[in-house]
Amino acid sequence: MKKQMKRRVDKIPYILLVWCMFLCWLFVWRQGVFGSKIDWISQHSVFPDYFRQLFYQTGNLATNFAPHLGGGQNLFYFSYYGLYHPIILLSYLLPFVKMGDYIMWSSMACYGLSVILFYYWIREKCSHRYLAAGIATMFSLAAPLLYHSYNHIMFVNYMPFLCLALMGTDAYLKKRKCRLLILGIVGMILSSFYFSIGGMLALVLYGVSEYIKKQEHLEFHKLALWLLQYGIHFIIAVLMCGILLVPTAFALKGERSQGLKLSLSWFLPECKPGKLVFSPHGIGLSIMAIIVLIRGLLYKTWKERFLSISILLLLTIPAFGYLLNGGLYAKTKVFIPFLPLVCYLFIPYLDILHEKYRRKIPSMLLCISIIVILVVDFGIHKEAQVMVSKDFYQTVTSKEIIPWMEQETIKDSSYYRTEELQDTEKNKANINRVHCLSQSISSIYSSAYNDQYAQFRNHVFRLNEPYRNNMMQPVTDNPCFLKFMGVKHLITKEKIPGYFLNKSKDGYEFWTAKDAIPVIYSSNQLLEESEYERIPFPENQTALIQTAVVPAMTERKKLSLKSIFHEITCQLPESKDTQLQICALSDGYEIAAEKDTELMLTIDKAQEEDLFAASFFVENLKAQEDMYINIENQGNLLTAEQHEYANHNKHFTYLLGVSKNQKQIKITLGKGSY
C-alpha cells in the first residue's frame with residue numbers, strides 16, 4: 000500500500016503573524032508603549048480597567064451604575080469602550096495583569112489575528128496562495144488597521160469577527176451552515192456596536208454579490224427569499240446581543256439628540272479620495288484601490304460589477320456616510336469595515352492582468368502598491384506624534400497611591416471623592432482613571448455622558464475648559480466646585496485653599512479638606528431656583544455651597560446672601576515688543592503674541608486664604624488656530640473653528656484660590672492674535 004501523503008502545512012499564516020508583530024514594533028512599540036496620547040491613555044485602556052474593578056466588587060456583569068466616574072453616570076454610556084468585548088472579558092481571569100498591558104497585547108493580537116483570518120478567507124479565492132499572501136500583506140498595511148490598534152481601538156477591534164463572518168457567509172452559501180456567520184456578527188456587535196452596522200452592511204453586499212454570481216438565471220423572488228433567510232441570522236445575532244444593545248439604547252435616548260436635517264447635497268455624488276486612500280480615518284489603501292474599483296465597473300456582466308458599483312456608491316453618495324454615522328456627521332471612519340471587500344476586489348483585477356501578461360505584471364503591481372502604502376504608513380505614524388513614553392505610562396498607571404486612598408476612605412464617616420490634580424498632560428491621561436474603587440472622581444471624557452451633568456459643569460459652575468475637545472470634562476482646582484462635589488482628598492502639588500498637607504511620600508503629596516461637604520448631606524438653608532438663576536458669576540458658585548437650591552418653595556423664606564467678592568482692577572502692561580504686543584482698547588485689550596508669555600498681575604494682598612475670580616470674553620483673530628489664556632494653573636482654551644470637536648469656549652471664566660499675603664497672580668498669554 001502506498002503511504003498516504005501528508006498534507007503540506009501552510010506556513011504563510013505564521014509568517015504573516017511575525018510580519019504584523021514586526022510592524023507593531025517598527026511603527027509604535029520601539030518609540031514607547033503600544034498606545035497613544037490621543038484617547039488610548041485616557042479612554043481605551045482606562046474604561047476596561049474600571050469595568051473589571053466593578054465586576055470584582057459586585058460579581059455582576061450587568062451593573063448599570065458607575066458611581067465613581069463623572070460624579071456618577073449610567074455605566075452603559077461607556078459600553079462603547081468594550082463593556083462586553085469578548086477579549087476584554089478574558090482579562091477578568093487575569094487580575095494580576097495590569098489592564099493597560101493587557102490592552103496593548105490584546106490589540107496587537109487582534110491586529111495579527113485580523114490579517115491571518117483575512118488570509119484564510121481569500122486563500123481559496125486566489126489562483127495561488129502567494130497571491131493571497133500578497134493581498135493579505137497589503138491588508139495588514141492599510142492605514143487604519145494598525146493606526147487605530149493603538150489610538151481608537153473600537154475602530155478596528157471588530158475586524159477579526161468581521162473576517163470570521165465573511166468566512167461564515169461562504170459557509171452559508173456552500174453548505175447552509177450558519178454558526179460561524181452568527182458568531183462573527185455577535186462578536187462584531189459586542190466589540191464595537193457602532194462599527195458593526197457598517198460591518199453588517201459589508202456582509203450583506205458580499206453575500207448578495209456571491210449569491211447572484213452563482214445563479215445562471217437570476218430570479219428576483221428567489222433573491223428576495225435568500226436575502227430574507229440570510230437576514231434572519233443577522234436578527235438572531237442582534238437579539239443575542241440584547242443584553243448590551245437594549246440598556247445602551249435606553250441610556251443614550253435623548254442625550255445630545257439631534258434631529259436629522261435632510262439636505263439635497265446628501266444625494267449628490269462627491270469625490271473624496273481620502274475615504275479610500277492614504278488616510279487612517281478611511282479605508283486607507285493606495286491609489287491602486289481606486290483603479291481596482293473603477294476597473295470593476297467594466298467587467299463583462301453586471302453580476303461581476305455589482306460589488307464595485309455598490310462600494311463606489313457608498314463612498315461617493317454622502318447620504319450613506321450620514322446614515323452609517325447615525326445622522327450626526329459624515330465622518331469617513333465608518334467606511335473602515337469595507338476594507339476587506341476592497342482588498343478582495345484586487346483578486347479579479349489581478350487575475351485579468353495575469354491572463355494578459357502572465358504573473359510578472361500583477362505581482363509587480365501588487366508589490367508597488369505594498370511599497371507605496373508602507374512608505375505612506377511611515378509618514379502617518381511619524382507625523383501623528385502621539386506615542387506614549389514608557390516613563391509617562393508607568394507614572395500614570397502607578398498603584399503606589401492606592402494604599403493611601405483606601406486608608407483615608409476607611410476613616411471617612413461619609414461618602415467623599417478623591418481627585419488627582421497634576422499637570423495638563425497627566426490630568427488629560429487621568430480624566431477617567433480610577434485607581435481603585437475607594438476613589439470617586441468628578442471628571443469624565445466619553446463619547447456619551449449624562450448631558451445634565453455636562454450642563455451643570457459648563458453653564459451653572461462655568462468651569463474652565465483647558466482642552467480642545469468639547470466632550471472633555473476634566474478635573475479642576477476650582478475650590479467651590481471641589482467643595483460642592485465632596486472632594487475631600489486631593490493628590491496634587493498645588494496649594495488649594497481649604498486643604499492641608501496630610502502626607503508626602505514617593506514624590507506624591509496627599510491633601511485633605513479642612514471642612515469638606517460630603518456628597519450626600521442635608522440643609523435647611525433653601526434658595527429658590529428662580530432666585531438662584533439671577534445670581535451672577537462668581538457669587539452663584541459660593542451660593543451653591545451655602546444653600547440648597549430647590550425648584551420652588553411653598554413658604555418663601557428670604558435668605559440674605561452677602562457677596563464675599565469685591566471688584567479689583569488688574570491691568571495688563573502695554574507692550575509693543577516684536578514678540579508680544581498688548582494694545583489697550585476701550586473695552587479690553589488686543590494681544591498679538593509670537594510665543595507663550597508669562598506676566599504677573601498685582602492684586603490686593605489677601606489677609607487670609609481667599610478666592611480670585613475672573614470673567615471675560617475673547618475673540619480669536621486667527622480663527623484657524625487655537626488660542627488660550629492661563630491664570631495660575633487654571634487654563635481656558637478656544638479651539639480653532641475647523642476642529643471637529645470645537646469647544647466654542649469664547650467666555651473664559653476662572654475661580655481659583657490665593658494664599659495668605661499673596662500679592663500677585665501669574666497670567667500666561669498663549670501664542671496667537673486675539
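In numbering that gives the first Met the number 0, the protein residues as written are 0 to 673.
Using N, Cα and C, we set each Cβ at its ideal position, and we do this for glycine too.
### Query
Just reading off the alpha helix (DSSP H) that Met166 is part of, what are its end residues?
Met158 to Lys174
### Query
Taking 9 angstroms as the CB-CB limit, is Gly34 close to chain D?
In the structure shown, chain D does not exist; there is a single protein chain.
### Bounding residues of the beta strand (DSSP E) (the contiguous stretch that carries Glu597)
Thr596 to Thr601
### Task
Whole angstroms is fine: what's the gap from Tyr414's alpha carbon to Asn632's?
28 angstroms
### Query
Are Asn629 and Leu637 close, meaning C-beta to C-beta below 9 angstroms?
no
### Query
Which whole-angstrom value is the C-beta distance of Ile495 and Ile516, which I expect to be below 8 angstroms?
Not really, about 15 angstroms apart at Cβ, beyond 8 angstroms.
### Query
Expressed to the nearest angstrom, what Euclidean distance is found between the alpha-carbon atoms of Met166 and Tyr118?
11 angstroms
### Message
For the alpha helix (DSSP H) containing Gly656, name the first residue and the last one.
### Response
Where Gly656 is concerned, there is no enclosing alpha helix (DSSP H), although the beta strand (DSSP E) it sits in stretches over His650 to Val657.
### Query
Near Lys274, which residues of its chain fall below 6 angstroms by C-beta distance, leaving aside the five closest residues on each side in sequence?
Gly281, Leu314, Thr331 and Phe334
### Task
Tell me whether the beta-carbon of Cys23 lies closer than 9 angstroms to the beta-carbon of Val114.
No, the Cβ-Cβ distance between Cys23 and Val114 is not below 9 angstroms.
### Query
Should the region 25 to 42 be regarded as contacting the region 62 to 70, the criterion being three or more beta carbon pairs within less than 8 angstroms?
In short, these stretches do not touch, since the Cβ pair count stays below three.
### Query
Thinking just about the alpha-carbon of each residue, which of Leu243, Asp9 and Ser105 is nearest to the one in Ala131?
Asp9
### Query
In angstroms, rounded to a whole number, what distance separates the CA positions of Met103 and Thr568?
Rounded to the nearest angstrom, the two C-alpha atoms are 52 angstroms apart.
### Query
Contact check, Leu116 vs Pro159 under 8 angstroms by CB: the rounded distance?
Your pair Leu116 and Pro159 checks out as a contact, with CB atoms roughly 6 angstroms apart and the cut at 8 angstroms.
### Query
Whose CA, out of Ile11, Gly34, Phe21 and Val45, lies closest to the CA of Tyr444?
Val45
### Query
Roughly how many angstroms lie between the CA atoms of Ile664 and Leu600, to the nearest whole one?
5 angstroms
### Query
If you compare alpha carbons, which of Thr667, Leu16 and Leu610 is closest to Leu654?
Leu610
### Query
Where does the unbroken alpha helix (DSSP H) through Val17 begin, and where does it stop?
Val17 -> alpha helix (DSSP H) spans Ile11 to Phe26.
### Task
Would you tell me roughly how many angstroms separate the C-alpha atoms of Thr475 and Tyr13, rounded to the nearest one?
Taking the straight line from one Cα to the other gives about 50 angstroms.
#### Entry: Segment contact flag, the region 207 to 214 with the region 180 to 196, C-beta cutoff 8 angstroms, min 3 pairs
no
### Query
Roughly how many whole angstroms lie between the Cα atoms of His216 and Leu89?
48 angstroms
#### Entry: Counted within 10 angstroms of its Cβ, other Cβ atoms place Trp301 as buried (16 or more) or exposed
exposed
### Query
Expressed to the nearest angstrom, what Euclidean distance is found between the alpha-carbon atoms of Leu311 and Glu532?
54 angstroms
### Query
Three-state secondary structure (DSSP) at Cys125?
Cys125 falls in the coil class under three-state DSSP.
### Query
Under the three-state reduction of DSSP, which class applies to Asp350: helix, strand or coil?
helix
#### Entry: CB of Leu571 within 9 angstroms of CB of Ala547, strictly
Judged by their CB atoms, Leu571 and Ala547 are not nearer to each other than the 9 angstroms cut-off.
### Task
Use the C-beta contact count for Cys366: other C-beta atoms within 10 angstroms, 16 or more gives buried, fewer gives exposed.
exposed
### Query
Nearest to Asp350 by alpha carbon, out of Asp625, Glu538 and Lys124?
Lys124
### Query
So what does DSSP say about Asn680, is it helix, strand or coil?
With the chain represented from 0 up to 673, any question about residue 680 goes unanswered, as that position is not in the structure.
### Query
At what residues does the alpha helix (DSSP H) containing Tyr403 begin and finish?
Strictly speaking, residue 403 in this sequence is Trp, with Tyr absent from that position. Note, Trp403: alpha helix (DSSP H), Ile401 to Lys410.
#### Entry: Beta-ladder partner(s) of Glu418, from DSSP
Leu489
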